[in-house]
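Sequential numbering of the first sequence, starting at 26, is according to my numbering.
Backbone N, C-alpha and C define an ideal beta-carbon position, used for all residues, glycine too.
Every value quoted in this text rests on a predicted model; they were computed, and no experiment measured them.
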Amino acid sequence: MSFSVSYTRSRNSGRPFLLSFSLGGRVHMSVPWVYIGDLPSKIDSQVTLRGWLYNMRSSGKIHFLQLRDGTGTVQGVMVKSEVSEDLFAVAKGLRLEASVEVTGLVRRDERAPSGVELSVSGLKILQNPESEYPIGKKDHGIDFLLDNRHLWLRSSRQYAIMKIRDRVIWAAREFLHSDGYLLVDSPIISGAAGEGASGLFEIDYFDSKAYLAQTGQLYAEAAAAAYGKVYCFGPTFRAEKSKTRRHLTEFWMLEPEVAFYDHKDNMDLQERLIVHLVSQVLEHCGEELHTLERDVSKLENIKSPFPHLQYSEAIDMLSRLGSSTLYGSDLGNEDETILTKQFDRPVFIENYPKSVKAFYMKEHPDNPDLVLCDDLLAPEGYGEIIGGSQREDDYDRLLARIREEGLPEEPYDWYLDLRRYGTFVHSGFGMGIERVVAWVSGLQHIREAIPWPRTIYRLKP
RNA sequence: UCCUCGGUAGCUCAAUCGGCAGAGCGGGUGGCUGUUAACCACUAGGUUCGAGGUUCGAGUCCUCGCCGAGGAGCCA
26 MSFSVSYTRS
36 RNSGRPFLLS
46 FSLGGRVHMS
56 VPWVYIGDLP
66 SKIDSQVTLR
76 GWLYNMRSSG
86 KIHFLQLRDG
96 TGTVQGVMVK
106 SEVSEDLFAV
116 AKGLRLEASV
126 EVTGLVRRDE
136 RAPSGVELSV
146 SGLKILQNPE
156 SEYPIGKKDH
166 GIDFLLDNRH
176 LWLRSSRQYA
186 IMKIRDRVIW
196 AAREFLHSDG
206 YLLVDSPIIS
216 GAAGEGASGL
226 FEIDYFDSKA
236 YLAQTGQLYA
246 EAAAAAYGKV
256 YCFGPTFRAE
266 KSKTRRHLTE
276 FWMLEPEVAF
286 YDHKDNMDLQ
296 ERLIVHLVSQ
306 VLEHCGEELH
316 TLERDVSKLE
326 NIKSPFPHLQ
336 YSEAIDMLSR
346 LGSSTLYGSD
356 LGNEDETILT
366 KQFDRPVFIE
376 NYPKSVKAFY
386 MKEHPDNPDL
396 VLCDDLLAPE
406 GYGEIIGGSQ
416 REDDYDRLLA
426 RIREEGLPEE
436 PYDWYLDLRR
446 YGTFVHSGFG
456 MGIERVVAWV
466 SGLQHIREAI
476 PWPRTIYRLK
486 P
């Protein structure tokens, strides 16, 4: 038996072609490497697939090889009477997740879920695992799956989530870019705290201390003064010892900041963005939502206009619904869950008390105890996905707020400069990507919404 | 940091009142020409998280420790 293969490069595409392929005496000439996702256009052609064996069944004289290559999955059917004895025996010895090259005829088949199958005539084992694949076909516990995140990502469920995450990010950037926003990223290493000293990761920075960014907002404000409509997008870090289904220590945040937008313009932008993201996921990720068994009708509700509640109205509503949260304190997770269950689409909670919000938010013109801000809560109990505000643009008031909060002034001198040189009404917000992905995908826990979740007790893999 | 729950075969979990350590999946062997987490038969596989203690007898009860999960607070 011989296993040999040779390649050349197509002049047009640069994609390698298999010039010849031989196994067990059979030789296939010029069998092109194709992706599984392209098979529907290759019916009745001989092709070679490269990928992994994610499952295998056998009925004695027929092997069913389930293959995955990142563009889709397909079943390869190897019939004993159609291949050599040796090849059939070799295939029987394959373990799950073996990497393989499989050659065969693409065929329509009513019995296949995708409608397409491969009649296998050739097989090259790139590597057959020497031990059994850790992730089996039956259920696993979350601890085991997180320990094996590097392998768990191969599952159809995780693939679906990653595709939705990709779509959410792609759609958000496309939405902003096409509306004239400039991407101006912010630093991850900073010499000063963003929103307050707690929850910061401290790192050694040569002979001094530095911190991992909790937000890029202050930098985005500077960029907005330079370029008008801007956003930043990157990882942010919170050293809080949170252990909940909606917290990570490292997560990705999209932060638009817009010159001459007030509080209302800001909420309008948030609403348009969320409607766009959901509609894009519905349009492009139907298969993935099906894999995740997501109730799509819940997403089809996500249309303008979103309801708005003043903070004080939210407190009243919560009181009627049995919450003991009193006016003056922030809403708890339980409160958010109760509120969001009253609506079939995201709900804005506006104008919180100044005391529970950050120093940079602009004071409400009609009530100095409130600030012009909003939290956007996703439905079905998912809760806060966006926090935004109009920023304080008055030099004296901003400085007073920094002092009231007991913050050091020196680190904010450059931030105050933005109010010295051409100050301007401006607003912005931060959207947590993983929270949006978790909501749209219908996940029980945010950790599945990021490839490599970082939580308090997990740094590996 | 606090509250709650958990740790038994490679994995997911059972084990009645404290009384022989079990099943499914996975592994191995064999069977099956259309399987869809395939199925059927046989088979191997255990320091019950660790250290003490109570008891004739501990996976089970007690004490301490380790590890993890869910939630609270905080936040996106």
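First and last residue of the uninterrupted alpha helix (DSSP H) at arginine 445: In the first sequence, residue 445 corresponds to position 420, counting from 1. Looking at the DSSP string, the run of the alpha helix (DSSP H) that includes arginine 445 is 438-445.
Per-residue burial, isoleucine 439 [other beta carbons within 10 Å of its own, 16 or more giving buried]: Working through the first sequence from its first residue, we reach residue 439 at position 414. The sequence as given places tryptophan at residue 439; isoleucine does not occur at that position. Exposed is the call here.
Closest by C-alpha distance to arginine 345, when choosing among Glu246, Arg444 and Gln367: Position 320 of the first sequence, counting from 1, holds the residue named residue 345. Here the closest residue by C-alpha is Gln367.
Helix, strand or coil at aspartate 168 according to DSSP, with G and I counted as helix: In the first sequence, the residue the question calls residue 168 occupies position 143. DSSP places aspartate 168 in helix when its eight states are reduced to three.
Residue closest to arginine 192, alpha-carbon to alpha-carbon, out of Arg479, Ile481 and Glu459: Position 167 of the first sequence, counted from the first residue, corresponds to residue 192. Per the Cα distances, Glu459.
Cβ neighbour criterion (16 or more within 10 Å) applied to arginine 370: In the first sequence, counting from the first residue as 1, residue 370 sits at position 345. With 16 or more other Cβ atoms from the protein chains shown falling within 10 Å of its own Cβ, arginine 370 counts as buried.
Whole-angstrom C-beta distance between valine 450 and leucine 402, which should lie under 8 Å: Indexing the first sequence from 1 puts residue 402 at position 377. Indexing the first sequence from 1 puts residue 450 at position 425. Contact check for leucine 402 and valine 450: beta-carbon distance about 26 Å, past the 8 Å limit, so the pair fails to qualify.
Residue interval of the alpha helix (DSSP H) (run including phenylalanine 200): Counting from one through the first sequence, the residue named residue 200 turns up at place 175. For phenylalanine 200, the enclosing alpha helix (DSSP H) stretches over residues 181-203.
Counted within 10 angstroms of its Cβ, other Cβ atoms place proline 281 as buried (16 or more) or exposed: Working through the first sequence from its first residue, we reach residue 281 at position 256. Buried is the call here.
Touch test, the segment 260-277 against the segment 293-301, Cβ-Cβ under 8 Å, three pairs minimum: In the pairwise beta carbon analysis, the segment 260-277 is classified as not touching the segment 293-301: fewer than three pairs are separated by under 8 Å.
C-alpha gap between proline 486 and aspartate 172, whole angstroms: The count along the first sequence starts at 1 and reaches residue 486 at position 461. The count along the first sequence starts at 1 and reaches residue 172 at position 147. Proline 486 and aspartate 172: Cα-Cα distance of roughly 7 Å.
Residue burial classification, histidine 202 (beta-carbon count within 10 angstroms, cutoff 16): As a first step, residue 202 must be located in the first sequence, where it is residue number 177. Classified as exposed, histidine 202 has fewer than 16 neighbouring CB atoms from the shown chains inside 10 Å of its CB.
Reduced DSSP category for glycine 147 - H, G, I as helix; E, B as strand; rest coil: In the first sequence, the residue the question calls residue 147 occupies position 122. Three-state result, glycine 147: strand.
Buried/exposed call for arginine 93, threshold 16 Cβ in 10 Å: For the purposes of this step, residue 93 is identified with residue 68 of the first sequence, where counting begins at 1. It is buried - the Cβ of arginine 93 has at least 16 other Cβ atoms within 10 Å.
Nearest-angstrom Cα separation, counted from serine 109 out to isoleucine 410: For the purposes of this step, residue 410 is taken as residue 385 along the first sequence, with counting starting at 1. For the purposes of this step, residue 109 is taken as residue 84 along the first sequence, with counting starting at 1. Roughly 58 Å separates the two Cα atoms.
Alanine 123 classed as buried or exposed, judged by whether at least 16 other C-beta atoms fall within 10 angstroms: For this step, residue 123 is matched to residue 98 along the first sequence. So alanine 123 counts as buried.
Whole-angstrom distance between glycine 457 and tyrosine 482, CA atom to CA atom: By one-based count along the first sequence, residue 482 stands at place 457. By one-based count along the first sequence, residue 457 stands at place 432. Inter-residue distance for tyrosine 482 and glycine 457 is about 21 Å (C-alpha atoms, whole angstroms).
Boundaries (first-last residue) of the alpha helix (DSSP H) holding asparagine 376: Here residue 376 corresponds to residue number 351 of the first sequence, with the count starting at 1. First-last for asparagine 376: undefined, no H or E at that position.
Start-to-end residues for the alpha helix (DSSP H) that takes in lysine 323: Position 298 of the first sequence holds residue 323. Unbroken alpha helix (DSSP H) run through lysine 323: 321-325.
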